[in-house]
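Worksheet: one structure, shown below.
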Amino acid sequence: MAESSAVPVRDASTVVLVRDGADGIEVFLQRRVKQMAFAGGMTVFPGGGVDPRDRDADIRWTGPEVDFWADVFSTDEESARALVCAAVRETFEECGVLLAGTTDAVHDDPAALFSERARLEAKEISLGEFLAAQGLVLRADLLRPLAHWITPENESRRYDTRFFLASMPDRQEADGETSEAAETKWMSATAALADWDAGNHFLLPPTWTQLRDVSSFTNVDDLLAAQREITAIQPTISDGSGIAGLRFADSDSYLAALSDGRGQTSLSP
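Heads up: take any position in the sequence shown, counting from 1, add 177, and you land on the numbering used here.
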């Protein structure tokens, strides 16, 4: 598809929540409801598109400043602020994990804010309004940059997505209380990849790639401490339909599991 006819991309944030487990690092995964307009039925990490109100400059913030995120994700400072805010907002909306609190502690009972979480998800309030009303500080220090993927040009919905890492906060619980997920669970990155190979669920290339990265580390501390150079990845389209037509670094390894017919899948209707 020619560049001039490509669908415009929307900024989005995805958060890979991790914790140490008996069988290696575990990740929090969601299987999206099949009715979703993008990636319906697929296994993903929490995340979603940037809300224009995520660009609110008045949010109280601790951790790496906006210029750090702008530099590491190769964007302007306004967009970088929005991406970090979207990461925190989407994580709270989709699984109840709140990466906010005081400057030196996270909120220890996000479940008590369930009604406010619902208002956020319904877009009745912005993240800035929510944090201000609760006296909370956004904890950018709990996030790490992980990756940057752009939806291929042939899709009808396209996202310019930055991936973040975050360790699961102590005394918090991740849940499945979102209308976007049919199932949620913690699973070791290694087991999630094995299930992909066995045809038990569907992983998009970015999800598969991040699971491979996570599975290469033995514990969360080492994973979070790793230094990464973030380069945008936009799969190219070769002859073929659906996912089987995508090409990116290590795509041969990814596509090797698709002999069962899953390669005809499309990201959006």
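Cβ atoms here follow ideal geometry from the backbone N, Cα and C, with glycine treated the same way.
Here residue 298 has 270 as same chain residues with Cβ atoms under 6 Å from its own Cβ, once five neighbours each way along the sequence are excluded. Taking C-beta atoms as the reference points, residue 316 and residue 276 count as a pair closer than 7 Å.
The alpha-carbon of residue 265 is positioned some 37 Å away from that of residue 436. Nearest to residue 361 by C-alpha distance, out of 352, 240, 369, 367, is 352. Counting along the chain, residue 191 sits inside the beta strand (DSSP E) bounded by residues 186-198. For residue 339, the enclosing beta strand (DSSP E) has its first and last residue at 335-344. Residue 322 is bridged by DSSP to 341. In this structure, residue 407 places its C-beta atom within 7 Å of the C-beta atom of residue 322. Residue 189 counts as buried, since no fewer than 16 other beta carbons sit within 10 angstroms of its beta carbon. Just measuring C-alpha positions, the residue of 341, 244, 191, 420 sitting nearest residue 404 is 341. By the CB criterion at 7 Å, residue 200 and residue 396 fall outside the cutoff. Closest in C-alpha terms to residue 192, from the list 185, 320, 184, 255, comes 320. The alpha helix (DSSP H) runs of length 4 or more contained entirely in the segment 270-326 are, from start to end of the chain, 291-298, 304-311.
Under the 10 Å beta carbon count, residue 209 is surrounded by 16 or more other beta carbons and is classified as buried.
Following the DSSP letters along the chain, one finds residue 389 inside the alpha helix (DSSP H) bounded by residues 382-392.
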